[in-house]
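Residues 130 to 503, numbered by the numbering used here, are exactly what the sequence shown covers, in order. Yeah, the Cβ is synthetic: ideal placement off N, Cα and C, and Gly gets one too. Remarks on the structure that follows.
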Amino acid sequence: MTLPVRAGLDAVPAYRQGRSAPVGASKLSSNESPHPPLPSVIDAVQERLGTIQRYPDMSAAELRSRLAARYAVDPAQVTVGAGSVELAAQLIHATAGEGDEVMFAWRSFEAYPALVRIAGATPIAVPLDADHGHDLDAMRAAITPRTRLIFICNPNNPTGTVVSAEALEQFVAAVPRDVLVVIDEAYVHFDRTSYSDEGGQGAGIDLLRRFPHVAVLHTFSKAYGLAGLRVGYAIAPVEIAENQRKVAIPFGVSDLAQAAAVASLDAEDELALRIDEVVAQRERLRALLEDAGWAPVASQANFVWVPAGTRSEELETLLREGGVITRAFPGEGVRISSGSADDIDRVEAALAASARTTRTPHRSDQRMNEEVHA
Ligand SMILES: *Cc1c(COP(=O)(O)O)cnc(C)c1O
130 MTLPVRAGLD AVPAYRQGRS APVGASKLSS NESPHPPLPS VIDAVQERLG TIQRYPDMSA
190 AELRSRLAAR YAVDPAQVTV GAGSVELAAQ LIHATAGEGD EVMFAWRSFE AYPALVRIAG
250 ATPIAVPLDA DHGHDLDAMR AAITPRTRLI FICNPNNPTG TVVSAEALEQ FVAAVPRDVL
310 VVIDEAYVHF DRTSYSDEGG QGAGIDLLRR FPHVAVLHTF SKAYGLAGLR VGYAIAPVEI
370 AENQRKVAIP FGVSDLAQAA AVASLDAEDE LALRIDEVVA QRERLRALLE DAGWAPVASQ
430 ANFVWVPAGT RSEELETLLR EGGVITRAFP GEGVRISSGS ADDIDRVEAA LAASARTTRT
490 PHRSDQRMNE EVHA
């Protein structure tokens with residue numbers, strides 16, 4: 130007797146969560162906020178605890194209208210989900226099925242290939258360019274009549290690179306209007322090339338207003354520090370949003386998560402200070418790695434990518450021995466989240482300890498690694 134298994138399920142890769150950290154270690158493996166929740170957010174959640182015998186408002190009316198006002202879009206364009214990963218799934222299910230293609234750069238957000246397979250569609254992974262960023266020309270060339278959706282992860286997880294607003298606009302303009310371009314801006318708040326200059330919007334929202342085939346994903350998990358409550362949102366063309374609602378699992382976003390998200394929108398000034406701190410530690414982290422000879426990639430997210438190639442496990446191990454848990458992709462690189470000042474102090478100490486015990490890498494070694502793994 131064999132239990133039933135859906136055809137094709139063996140092609141679905143399992144999602145790997147960032148390493149959990151032993152007590153006392155710095156967990157820099159999941160791009161979480163190093164800050165505890167804001168007191169106002171805790172208050173908002175506590176106030177709603179007394180009514181958790183009720184289902185949440187399935188339409189998330191208050192949160193959606195706040196978001197619509199913030200971005201000056203129609204509330205019918207806004208959908209919420211249990212993290213933006215759920216919305217990525219909804220957008221795929223709403224646009225693509227058996228025989229259809231969904232494109233993304235690679236390496237990028239680990240969930241994309243699995244979500245595409247779960248929908249029965251075909252993932253098309255287009256390699257990043259030599260600078261670890263999106264190769265938009267190659268992505269454009271890879272569009273076929275079966276392409277339904279293209280993810281642009283901007284800034285890209287795990288490399289931290291950004292596509293400029295101009296390059297993104299050119300790309301979007303060149304994509305056929307029957308293909309949805311989904312700009313995943315999970316890390317946009319940390320992007321100092323566009324975010325702060327453009328009044329806190331990121332490039333995606335502007336494009337969404339001007340093109341009919343663009344959707345944007347944002348999350349409360351990263352900059353807003355609500356990863357554990359699971360809430361994110363999409364802004365999409367109205368027809369797409371309607372179809373997302375058809376494929377959504379009902380009541381995905383709890384009342385507590387909705388309350389915390391609204392309270393976070395009320396605290397954006399306070400959160401902006403925290404985001405600035407994370408950005409400052411990111412720059413410090415990058416400089417430390419650079420000085421230690423590890424050749425990190427310049428990042429606009431809340432993490433730093435070290436394309437260490439064959440030396441990735443060595444870097445992961447030396448940091449772990451210093452009490453810092455990171456995310457290693459064996460043979461490719463190591464992603465290190467930007468933590469608190471204390472967390473980055475530990476990185477500094479671990480790098481210094483390893484410099485004392487082992488030879489520091491020579492420039493020529495690094496260049497070789499980069500050539501092999503580009
Ligand atoms: C973390 C992340 C998300 C979403 O996380 P949620 O917690 O599901 O909101 C989406 N996209 C990228 C690229 C991410 O790194």
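Near ligand 1: residue i beta-carbon under 7 Å from a heavy atom
i, result
"Phe238", "yes"
"Phe367", "Here residue 367 is Val; the residue named in the question, Phe, does not match the sequence. Val367 Cβ: outside cutoff for every heavy atom of ligand 1."
"Thr180", "no"
"Thr290", "no"
"Ala356", "yes"
"Asn431", "no"
"Thr348", "yes"
"Lys351", "yes"
"Ala218", "no"
"Val214", "yes"
"Val372", "Reading off the sequence, residue 372 comes out as Asn, not Val. Asn372: no, Cβ never under 7 Å from ligand 1."
"Gly460", "no"
Three-way DSSP call (helix, strand, coil) for residue i in this model
i, result
"Leu278", "strand"
"Glu327", "Note that Glu327 scores 49 on pLDDT, short of 50, meaning its location in the model is unreliable; the coordinates nonetheless yield the value given after this. Correct three-state label for Glu327: coil."
"Tyr184", "coil"
"Phe300", "helix"
"Val343", "strand"
"Arg456", "strand"
"Leu138", "helix"
"Met232", "strand"
"Ala356", "coil"
"Asp313", "strand"
"Glu500", "Note on Glu500: pLDDT 39, under 50, position unreliable in the model; the coordinate value appears next. Correct three-state label for Glu500: helix."
"Val202", "coil"
"Ser194", "helix"
"Ala363", "strand"
"Ile378", "coil"
Beta-carbon proximity of residue i to residue j, cut-off 8 Å
i, j, result
"Arg275", "Gly333", "no"
"Ala217", "Ala240", "yes"
"Gly262", "Thr290", "yes"
"Ile279", "Asp313", "no"
"Ala370", "Leu346", "no"
"Asn554", "Phe238", "There is no way to answer for residue 554, as the model of the chain reaches only from 130 to 503."
Identity of the residue in the options nearest residue i by Cα
i, options, result
"Ile181", "Glu450, Met130, Ala388, Arg246", "Ala388"
"Phe319", "Ser159, Gly331, Trp423, Glu368", "Gly331"
"Tyr316", "Leu297, Phe349, Gln299", "Phe349"
"Phe432", "Ile465, Asp471, Val209, Lys156", "Ile465"
"Asp139", "Ile247, Ala484, Ser441, Ala197", "Ile247"
"Ala356", "Ala457, Pro287, Ser159, Met187", "Ser159"
"Phe380", "Val391, Glu445, Val360, Val311", "Val360"
"Pro366", "Leu414, Asp395, Arg415, Val311", "Val311"
"Arg269", "Asp260, Val245, Val308, Ala409", "Val308"
"Asp474", "Ala150, Ser155, Met187", "Ser155"
"Leu394", "Gly179, Ala197, Arg135", "Ala197"
Residue-chain proximity (residue i, chain D), Cβ-Cβ < 8 Å
i, result
"Val292", "Within the model displayed, chain D is absent; a lone protein chain is all it includes."
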